[in-house]
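Numbering follows my numbering, in which position 178 of the sequence shown is assigned residue number 657; successive positions increment by one, without gaps. Worksheet for the structure shown next.
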Amino acid sequence: MSLRISEDPTQRGSRAAVGPGPERATFQAAAQRMVLDSSCWRHSVYSSDVYILNLSVIDSHSTPERTTAMRAYGAFIALFLFKMTQGPPPVSFWLLLVWLEGPRAMISVPERIVQHLDPKAYKELAPWYKFKHTDNFPTVAQASHPLRVSWIQHFESAPVIFAVGRSEQEHEYALMTVFARIAFADPAPWTKKDWADAKSSFLLEWDDFDFGQTIRALGALPFLVSVYNRRIRHPDDLSPHLRFVTSDDNRDDARTTALFTKLGELRIKCYLRGCGHPAGAVPQLVTQAQFDDARGDPLLRSYRLLSGSSDNDMLPISPGWVIEFTFNHRRPRSNHEEKLQRSSIPTALDMHTCADQCGVDLNKGMEELLLGPAVSDPNVATPLDLWFHEQIGNRKYNRI
């Protein structure tokens, strides 16, 4: 069970929250922590964002502890899919595809799907899609040919597997070798004990339930596309799912609240159009290195809002999902609340990740922030941008 501390735990009134939001955060943090085990996981050869199994070269080097770890990781990936209905973001979809359908499935995935699901892998694989068994492999004199360049990048031997006059079956086997070398840094990973250990636990079976067979009955590739095609590719992937509403619990002048609600919508959507961390975020919110790494990233803010408001690192799979911002002028019920209403310090966002909701209390400070300077250039930061960026990025409760 995971706990979320919604306020300073040293102060009275602190609350622990449990539910689907913290559960999502825990599963996703566990997936990120899993791939940090460098004895069992490594970056793919084409992307630092995608992880593959770090396979022992010699099976005899495997230990009982390593076998246990590999089996645990395979079972966790299955549990992640089952509970989250999402692919674990750091784990290569190629791994699950081959576990479910075998090596030949790699060369059967339509080009457009690879281009969409794993664009960095596609850049490496693109030259091979049009290479047929009747084609001759480029000669040494054709050193700049994309196929020869790709081969030299990934193999140390001569391309003898693409011999002249090879059969279609021999060609498919050779392509599987190339795809595996690019996807898994190994021309035949399925022959390794580590691979078999992880796969055996991924393909869970108990009583009459067969996890692998259930997915195959749905169609392994369509299933993997549905659970992995959840990444944000443009800010517009998120903006249409934001809902801005006015609370019923307002002061007498509800029209004022409605105006601030619309203003908040405009300001937040303008923030999302910006790239990277807002100017001025160093050093209070991020380090200079973090700021430089994210410079020009058009998706960082969308991902930050998605994770901060819902504990999701990928877009939800349900078609009607929304993240709701509720603006309200609360009627003070005590002297303390009256004091907070008059405070020039904006009230903190009230995030409910289980329900994908965010409450915005319109005290004096919050109103002044919304009414503050606005700019037409989304890459020029305003005080509201910096404040909002900090609020949605505060996930310190989520640690494993």
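Glycine included, C-beta positions come from ideal geometry on N, C-alpha and C. This structure is a prediction, so every number in the text was calculated from the model and none was measured.
Just how far apart, CA to CA, sit residue i and residue j?
i    : j    : result
F634 : M655 : 14 Å
I631 : L779 : 35 Å
Y525 : K602 : 9 Å
V643 : Y608 : 18 Å
S518 : C833 : 35 Å
F506 : N615 : 48 Å
N877 : Q511 : Residue placement at N877 is flagged as unreliable, the pLDDT there being 43, under the threshold of 50; a coordinate-derived value is accordingly withheld.
S781 : I711 : 8 Å
S535 : G581 : 20 Å
E590 : L604 : 9 Å
D597 : T740 : 38 Å
N873 : G500 : 14 Å
Y707 : P762 : 34 Å
G755 : L848 : 21 Å
L621 : R627 : Reading off the sequence, residue 621 comes out as Gln, not Leu. Going by the C-alpha atoms only, they are around 8 Å apart.
A653 : R583 : 11 Å
D829 : E846 : 16 Å
K672 : P798 : 40 Å
A827 : H808 : 14 Å
N533 : Y552 : 12 Å
H831 : A768 : 31 Å
R774 : A760 : 12 Å
E544 : A600 : 32 Å
S679 : E502 : 26 Å
T546 : D538 : 11 Å
Does DSSP put residue i in a helix, a strand or coil?
i    : result
Q836 : strand
N807 : strand
E684 : strand
T725 : strand
D689 : strand
I484 : Confidence in I484 is poor, its pLDDT being 30 and thus under 50, which makes the residue's placement too unreliable to answer from.
I824 : coil
H831 : strand
I537 : coil
V570 : strand
I711 : coil
I802 : strand
T766 : coil
F867 : helix
Y782 : helix
V514 : coil
Measuring only between beta-carbons, confirm whether residue i sits less than 8 Å from chain B.
i    : result
V524 : The chain inventory of the structure shown lacks chain B, comprising one protein chain alone.
Please state whether the Cβ-Cβ distance between residue i and residue j is less than 8 Å.
i    : j    : result
L794 : D716 : yes
D835 : S786 : no
H624 : E647 : no
T735 : F806 : no
P714 : R746 : no
Q820 : N842 : yes
F681 : I531 : no
A659 : A667 : yes
G844 : P857 : no
A860 : A758 : yes
V801 : R709 : no
L683 : F690 : yes
F804 : V839 : yes
I640 : S705 : no
M931 : A662 : Outside the shown range of the chain, which is 480 to 879, sits residue 931, and nothing can be said about it.
G523 : V514 : Note that residue 523 is Ser in the sequence shown here, rather than Gly. No. Outside cutoff.
Using the Cβ count rule (16 or more neighbours within 10 Å means buried), how would you classify residue i?
i    : result
P567 : buried
V570 : buried
L482 : Unreliable positioning characterises L482 in this predicted model, as indicated by a pLDDT of 31, which lies under 50. The coordinate reading is nonetheless provided below. L482 is exposed by the Cβ-count criterion.
V593 : buried
D864 : buried
W578 : buried
L697 : exposed
L575 : buried
P852 : exposed
L560 : buried
In the DSSP assignment, the beta strand (DSSP E) including residue i goes from what residue to what residue?
i    : result
H522 : 520-522
I531 : 530-532
Residue i lies in the alpha helix (DSSP H); which residues open and close that run?
i    : result
Y608 : 598-608
F616 : Careful: F616 lies outside any alpha helix (DSSP H) and carries neither H nor E.
C749 : 733-751
G553 : 543-563
M793 : Segment: none, M793 is in no alpha helix (DSSP H) and carries neither H nor E.
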